[in-house]
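*Asks:*
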Ligand SMILES: NC(=O)c1ccc[n+]([C@@H]2O[C@H](COP(=O)([O-])OP(=O)(O)OC[C@H]3O[C@@H](n4cnc5c(N)ncnc54)[C@H](OP(=O)(O)O)[C@@H]3O)[C@@H](O)[C@H]2O)c1
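Residue numbers (the UniProt record's numbering): 1 to 251.
#1: When the Cα atoms are used, what is the spatial distance from residue 170 to residue 104?
#2: Counting beta carbon pairs with one atom in the region 209 to 224 and one in the region 190 to 200, are three or more of them shorter than 8 angstroms?
#3: Can you find the residues in the same chain that come closer than 6 angstroms, C-beta to C-beta, to residue 153, ignoring five residues on each side of it along the sequence?
#4: Between 45, 147 and 24, which has its C-alpha nearest residue 8's C-alpha?
#5: Looking only at its own chain, which residues have a Cβ that is under 7 angstroms from the Cβ of residue 109, when we skip the five neighbours before and after it?
#6: Going by the C-beta, is residue 26 closer than 7 angstroms to any heavy atom of ligand 1?
#7: Below 8 angstroms on the Cβ atoms is my guess for residue 225 versus residue 150; work out the distance and round it to an integer in Å.
#8: How long is the line joining the alpha carbons of residue 44 and residue 5, rounded to whole angstroms?
#9: Between residue 222 and ligand 1, is the CB less than 7 angstroms from at least one heavy atom?
#10: Could you pull out every residue in the same chain whose Cβ sits closer than 7 angstroms to the Cβ of residue 132, ignoring the five residues on either side in sequence?
#11: Starting from the Cα of residue 96, find the closest Cα among 18, 57, 25 and 113 and give me that residue.
#12: Any heavy atom of ligand 1 inside 7 angstroms of the beta-carbon of residue 78?
#13: For ligand 1, is there any heavy atom lying closer than 7 angstroms to the beta carbon of residue 166?
#14: Three-state secondary structure (DSSP) at residue 175?
#15: How many Å lie between residue 119 and residue 216 at the Cα?
#16: Enumerate in chain order the residues of its own chain whose CB-to-CB distance from residue 77 is below 7 angstroms, with the five nearest sequence positions on each side excluded.
#17: Excluding sequence positions up to five away, which residues of its chain have a Cβ less than 6 angstroms from the Cβ of residue 21?
#18: Spatial neighbours of residue 251 within its chain, please: C-beta separation below 6 angstroms, excluding the five flanking residues on both sides.
#19: Please tell me whether, using a cut-off of 7 angstroms, the distance from the CB of residue 101 to the nearest non-hydrogen atom of ligand 1 is below it.
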């Protein structure tokens with residue numbers, strides 16, 4: 001066993017004392033719920049989204065309630081320079097990170113021939129390239145810490161949804177990206193999180209939708225993430241699909 005390998009293992013073991021999680025799209029919905037769940041487990045957080053006023057409020061609440069350190073900054077994952085700047089500032093603040101949740105995403109729905117060029121491009125920029133940029137920016141740090149990259153895709157990342165073809169295509173592509181990152185980087189654990197319908201602001205809707213219409217609560221998705229991150233470091237959860245019992249089973 002080389003001296004460097006031993007040093008690296010000791011470094012990884014030491015990080016359990018101060019775990020840092022990065023979350024994109026943390027200003028509301030699933031991202032906000034994951035931020036809350038990980039703060040409960042003592043994670044320091046780096047939160048990114050475009051709504052900085054929302055991030056400020058969430059950061060204040062979590063640091064007061066759980067005594068954790070919360071860094072936040074403007075982030076637009078559709079802009080390469082914004083992702084690079086966010087990663088640079090986060091790494092300057094915390095040194096290294098242990099968990100990166102690439103969650104930022106959006107969806108436009110309708111028949112494929114009705115989708116506009118702008119809508120399709122925006123979904124590709126955020127749901128696909130945004131994930132790629134986010135993971136790329138933190139990859140070396142995750143390798144140093146033996147960390148976890150969580151990519152929030154969807155249950156539609158491996159099935160079809162009529163009137164959602166553009167969105168679905170970006171999520172299938174994001175799934176391919178996650179698995180390829182995993183093969184190329186065995187030192188990092190890649191975890192594809194595939195929720196079914198969740199009661200958030202997604203797709204321009206309002207939060208507060210009834211469970212009986214098939215929606216999970218974002219807190220339920222976040223609870224599953226928190227639980228899976230507690231597993232020993234030699235367990236690699238590759239994907240999780242979870243749906244409400246009120247959502248029709250479709251594969
Ligand atoms: N809700 C569902 O039914 C459902 C089901 C399966 C998967 N998902 C996936 O879950 C993820 C989170 O969605 P959600 O349901 O929580 O929706 P949401 O309530 O609309 O939240 C979306 C989050 O993404 C952020 N975001 C959007 N564009 C961004 C950009 N260009 N740069 C940085 N952040 C951006 C938003 O923040 P700002 O606007 O402040 O930037 C917001 O925090 C998405 O990837 C979505 O595809 C959702």
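By construction, the Cβ of each residue, glycine as well, lies at the ideal position given by its N, Cα and C atoms.
*Replies:* Based on what the coordinates show:
#1: Start at 1 with the first residue of the chain shown, and residue 170 comes out as number 170. Start at 1 with the first residue of the chain shown, and residue 104 comes out as number 104. Roughly 13 angstroms between the two C-alpha positions.
#2: yes
#3: As a position in the chain shown, residue 153 is number 153, starting the count at 1. Contacts found: 171, 174, 175, 192 and 194.
#4: Position 8 of the chain shown, counted from the start, is the residue given in the question as residue 8. Checking every option, the nearest Cα to that of residue 8 belongs to 147.
#5: Along the chain shown, one-based indexing puts residue 109 at 109. Only 163, 164, 167 and 203 meet the Cβ criterion.
#6: For this step, residue 26 is matched to residue 26 along the chain shown. It does: the Cβ of residue 26 is within 7 angstroms (strictly closer) of some heavy atom of ligand 1.
#7: Taking the chain shown and counting its residues from 1, one reaches residue 225 at position 225. Taking the chain shown and counting its residues from 1, one reaches residue 150 at position 150. Going by Cβ atoms, the distance from residue 225 to residue 150 rounds to 7 angstroms, so yes, they are a contact pair.
#8: Residue mapping note: residue 44 aligns to position 44 of the chain shown, counting from 1. Residue mapping note: residue 5 aligns to position 5 of the chain shown, counting from 1. The alpha-carbon atoms of residue 44 and residue 5 are separated by roughly 26 angstroms.
#9: For this step, residue 222 is matched to residue 222 along the chain shown. When distances are taken from the beta-carbon of residue 222 to the heavy atoms of ligand 1, even the shortest one reaches 7 angstroms or more.
#10: Here residue 132 corresponds to residue number 132 of the chain shown, with the count starting at 1. Correct list, in chain order: 177.
#11: What you label residue 96 is simply residue 96 of the chain shown in a count that begins at 1. The shortest C-alpha separation from residue 96 is found at 18.
#12: Taking the chain shown and counting its residues from 1, the one referred to as residue 78 is at position 78. Checking every heavy atom of ligand 1 against the Cβ of residue 78, one is found closer than 7 angstroms.
#13: Taking the first residue of the chain shown as position 1, residue 166 is located at position 166. No, Cβ of residue 166 sits at least 7 angstroms from all heavy atoms of ligand 1.
#14: Position 175 of the chain shown holds residue 175. Correct three-state label for residue 175: helix.
#15: Here the question's residue 119 lines up with position 119 in the chain shown. Here the question's residue 216 lines up with position 216 in the chain shown. Cα to Cα, residue 119 sits roughly 26 angstroms from residue 216.
#16: Taking the chain shown and counting its residues from 1, the one referred to as residue 77 is at position 77. Counting only Cβ-Cβ distances below 7 angstroms, and skipping sequence neighbours, we find 24, 83, 104, 126, 130, 133 and 134.
#17: To locate residue 21, count along the chain shown from 1; it is residue 21. Result list for residue 21: 38, 43, 45 and 99, in chain order.
#18: Residue numbering aside, residue 251 sits at position 251 when the chain shown is read from its first letter. Excluding residues within five positions, the ones whose Cβ falls inside 6 angstroms are 159.
#19: As a working mapping, residue 101 is identified with position 101 in the chain shown. Outside the cutoff, so no.
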